[in-house]
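Okay, structure first, notes after.
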Amino acid sequence: MGVDGATGNQTNGGAARPRVFARPEQTFPELTALEIARMRRFGEIRKYSNGERLFETGKPGPGMFVVLSGHVAITQRDGLGHVTPVIDQGPGQFLAEIGQLSGRVALVDGHAEGDVETLLIPPDRLRALLVAEADLGERIMRALILRRVSLIQGGVGGPVLIGPSNSTGVVRLQGFLTRNGFPHHLLDPERDHDAAELITRYSPSPSDWPLVVSADGSVLRNPGESELARAIGMIGGPAGTRIYDAAIVGCGPAGLATAVYAASEGLSVVVLDARAFGGQAGASARIENYLGFPTGISGQALAGRAFTQAQKFGADIMIPMSATALDCARIDGAFALKLDGGEALRARSVVVASGARYRRPEIENLEAFEGRGVWYWASPVEARLCADQDVVLVGGGNSAGQAAVFLSGHARKVHMVIRGGGLGASMSRYLIERIEATPNIEPMFNTEVVALEGSQDSSLERVRWKSRLSGEQSTVEIRNLFLFVGADPATGWLDGCGVTLDRGGFVVTGAQSDLHLGRTASSLETSVPGVFAVGDVRSGSVKRVGGAIGEGAQVVAALHGFLGDVAKPAL
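See below:
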């Protein structure tokens with residue numbers, strides 16, 4: 008192990024060779040002189056001397072660099088002081104990954120090897136390039152996506168999580184970072200010397216796990232999602248006095264579809280979500296009946312593509328960020344969204360796409376074991392904990408079926424607990440057939456989970472279920488319980504704004520009110536003009552991914568109509 012003379016950081020010496028990347032020709036394409044000439048109008052020339060940094064881990068990236076002459080070394084630097092070569096880039100190649108579409112922090116370092124001349128294209132001009140130069144933009148976009156995928160798969164860039172892989176905090180933060188497509192890597196203090204030293208230095212109790220080390224070396228103890236996101240530069244603050252054309256609350260399929268279509272049609276858009284892009288659909292292991300994907304696609308992959316598209320067209324996305332209240336007074340013609348940090352964000356229209364929150368059934372001791380064996384989604388992070396174990400999954404809908412099939416590839420046995428007497432009324436036929444053909448999935452009809460057991464300081468140990476026909480109860484040693492029992496609408500933040508809800512709390516749309524002043528309300532417009540609702544949160548909506556995406560596309564025409572009407576001078 009050596010030392011970087013410019014930074015004093017440790018390097019990995021003889022083992023430090025550039026990483027091997029899948030699909031290298033697409034991940035690191037070389038541009039022709041003609042292609043670079045077409046790009047020049049979008050950027051400006053920047054020159055760097057030997058050793059000078061073009062961008063730095065943990066700091067906002069200035070955009071995409073096209074190397075005109077010289078070479079740039081790309082290295083990974085973590086908060087523990089380790090520096091590892093990633094790749095060397097020369098003339099005709101470009102330096103960026105998907106985060107540079109929106110000016111996010113750099114995940115790697117780039118410094119000049121000798122004198123370097125580049126064409127720097129800032130984020131807004133990069134987005135313009137991708138749209139204006141379709142063929143070239145497609146190659147660049149594919150490379151940006153593949154680079155982020157490579158960083159995630161290789162654990163390059165992002166924070167270092169330190170703690171036992173099965174601890175509650177580690178699982179929680181790994182799930183958060185994974186669902187948001189943010190690179191990170193985990194060090195277990197039982198197997199890693201650096202991790203053990205850091206644990207000793209900070210002497211944390213188990214409640215402090217995990218420690219999170221950011222690129223600048225700062226250490227967080229078991230942070231919340233928002234604290235972690237701000238520390239690693241995932242989100243910025245609100246856009247000051249800017250007034251957006253549309254604020255979209257919720258980044259599930261409906262919200263993402265709205266963002267993509269609205270931004271691509273020239274509207275200024277901001278999207279908020281409290282946890283991650285994709286919503287509940289983003290946690291689906293495989294969606295096999297979505298149009299255009301005959302082999303199926305995971306919810307994470309589908310949502311990730313839409314998330315990238317929205318950024319390509321210039322939508323501002325703030326995750327994690329919650330809307331806590333909506334002020335419909337429309338001072339100066341704009342709604343005001345109060346955010347969880349106390350700040351406010353303003354927009355001329357609002358799209359409610361906040362979906363629904365996971366429903367918590369009445370199970371004894373449920374709250375005590377949430378995050379300690381009780382899960383509301385099934386991702387590879389949770390599946391890792393179930394290897395060669397029996398698990399219980401509660402639910403009879405499509406989400407439950409998809410999760411059961413996914414978990415069957417990891418768990419020894421999946422006990423599928425269903426309150427009703429069959430699946431035909433609540434689940435797609437292809438999933439029923441898949442479950443019937445999977446030997447380690449055991450459907451248990453007319454059954455419900457009634458209690459959970461385990462010591463106060465440990466994880467879930469036992470599950471008790473009851474037959475709804477005979478009343479007979481059984482207790483089984485189970486360490487992981489998955490709940491897919493529906494969801495309740497996330498509409499509490501609309502209180503006091505005048506938006507009409509139905510008895511179940513879902514948003515009513517298409518109903519005329521006096522506030523519309525004679526203007527015909529859109530089928531997706533609420534009782535408050537300028538406030539629209541799409542997806543699962545809307546009363547009467549089809550609770551399917553395809554339906555949510557369709558409504559997200561449909562509402563954009565209504566947004567144009569509303570914004571056009573309010574812009575007209577009064578007669």
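In terms of our numbering, the sequence shown opens at residue 8 and continues consecutively.
Ideal Cβ placement from N, Cα and C applies to all residues, glycine included.
No experiment lies behind these values; they were computed from the predicted model shown.
Could you check the C-alpha separation between residue i and residue j for me, to the nearest Å?
i: ARG391; j: GLY380; result: 12 Å
i: THR315; j: ILE105; result: 8 Å
i: THR579; j: ASP502; result: The structure shown has nothing for residue 579, since the chain only spans 8 to 578.
i: PHE452; j: ALA139; result: 56 Å
i: PHE28; j: THR34; result: 8 Å
i: LEU430; j: ALA494; result: 18 Å
i: GLU350; j: ALA418; result: 44 Å
i: ALA292; j: ALA310; result: 12 Å
i: ALA407; j: LEU490; result: 8 Å
i: ALA281; j: CYS258; result: 9 Å
i: GLU371; j: LEU488; result: 13 Å
i: MET46; j: SER275; result: 25 Å
i: GLY196; j: LEU151; result: Checking the displayed sequence, the identity of residue 196 turns out to be Pro instead of Gly. Roughly 33 Å separates the two Cα atoms.
i: ARG134; j: GLY50; result: 12 Å
i: ALA40; j: THR248; result: 42 Å
i: ASP201; j: GLN107; result: 31 Å
i: VAL573; j: ALA103; result: 40 Å
i: ARG471; j: GLY404; result: 22 Å
i: LYS54; j: GLN96; result: 15 Å
i: LEU508; j: ALA283; result: 25 Å
Residue i and residue j look like a contact to me (Cβ under 8 Å); what is the Cβ gap, rounded to whole Å?
i: ARG469; j: GLU460; result: 4 Å
i: ARG486; j: LEU467; result: 6 Å
i: ALA261; j: ILE556; result: 7 Å
i: ARG366; j: VAL552; result: Wrong, their Cβ atoms sit about 19 Å apart, outside the cutoff.
i: GLU532; j: GLY542; result: Rounded, the Cβ-Cβ distance is 15 Å, inconsistent with contact.
i: ALA44; j: ALA264; result: About 36 Å; that fails the 8 Å criterion.
In terms of residue numbering, what span does the alpha helix (DSSP H) encompassing residue i cover?
i: GLN561; result: 552–574
i: LEU41; result: 40–46
i: LYS319; result: 306–319
i: TYR268; result: 260–271
i: LEU180; result: 175–186
i: VAL412; result: 405–415
i: ASP201; result: 200–209
i: ALA390; result: 387–392
i: PRO31; result: 31–34
Here's the rule: buried if 16 or more other CB atoms are within 10 angstroms of the residue's CB, otherwise exposed. What is residue i?
i: HIS422; result: buried
i: HIS297; result: In the sequence under discussion, the amino acid at residue 297 is Tyr, which differs from the His named in the question. Its Cβ being crowded by 16 or more others within 10 Å, TYR297 is buried.
i: ASN187; result: buried
i: LEU566; result: buried
i: SER76; result: exposed
i: GLN307; result: buried
i: THR64; result: buried
i: GLN480; result: exposed
i: HIS191; result: buried
i: GLU416; result: Contrary to the premise, residue 416 reads as Gly rather than Glu in this sequence. So GLY416 ends up on the exposed side.
i: GLN598; result: Any question about residue 598 goes unanswered here, given that the chain covers just 8 to 578.
i: ILE169; result: buried
i: ALA336; result: exposed
i: LEU476; result: exposed
i: THR18; result: In this prediction, THR18 has a pLDDT of 45, which is less than 50 and means its spatial position is unreliable; what the coordinates show is noted afterwards. It is buried - the Cβ of THR18 has at least 16 other Cβ atoms within 10 Å.
i: VAL123; result: buried
i: GLU59; result: exposed
i: SER529; result: buried
i: ASP339; result: exposed
To which residues of the same chain is residue i closer than 6 Å at the C-beta, ignoring the five residues directly before and after it?
i: GLY99; result: GLU37 and LEU38
i: VAL226; result: LEU218 and VAL220
i: ALA332; result: LYS345 and TRP500
i: PHE513; result: PRO496 and SER546
i: ALA586; result: Residue 586 lies beyond the residue range present for the chain, which begins at 8 and ends at 578; the question has no answer from this structure.
i: GLY511; result: none
Taking residue i as part of the beta strand (DSSP E), name the residues at either end of that continuous run.
i: SER7; result: This structure cannot settle anything about residue 7, because the visible part of the chain is limited to 8 through 578.
i: THR454; result: 454–460
i: LEU143; result: Where LEU143 is concerned, there is no enclosing beta strand (DSSP E), although the alpha helix (DSSP H) it sits in stretches over 141–161.
i: THR331; result: 330–334
i: ILE326; result: Element bounds for ILE326: n/a, residue is neither H nor E.
i: GLU124; result: 116–128
i: ILE448; result: 448–451
Ordered along the chain, which non-local residues of its own chain (more than five positions away) have a Cβ less than 8 Å from that of residue i?
i: ALA238; result: PRO166, VAL219, SER221, SER225, LEU227 and PRO230
i: SER109; result: PRO130, GLN318, ASP323 and ILE324
i: LEU373; result: ARG367, VAL381 and LEU459
Spatial neighbours of residue i within its chain, please: C-beta separation below 7 Å, excluding the five flanking residues on both sides.
i: ARG179; result: GLY378
i: VAL535; result: CYS335, CYS504, GLY505, VAL506 and LEU522
i: THR175; result: GLY378 and ARG379
i: ALA411; result: LEU400, VAL421, MET423, ILE442 and ILE448
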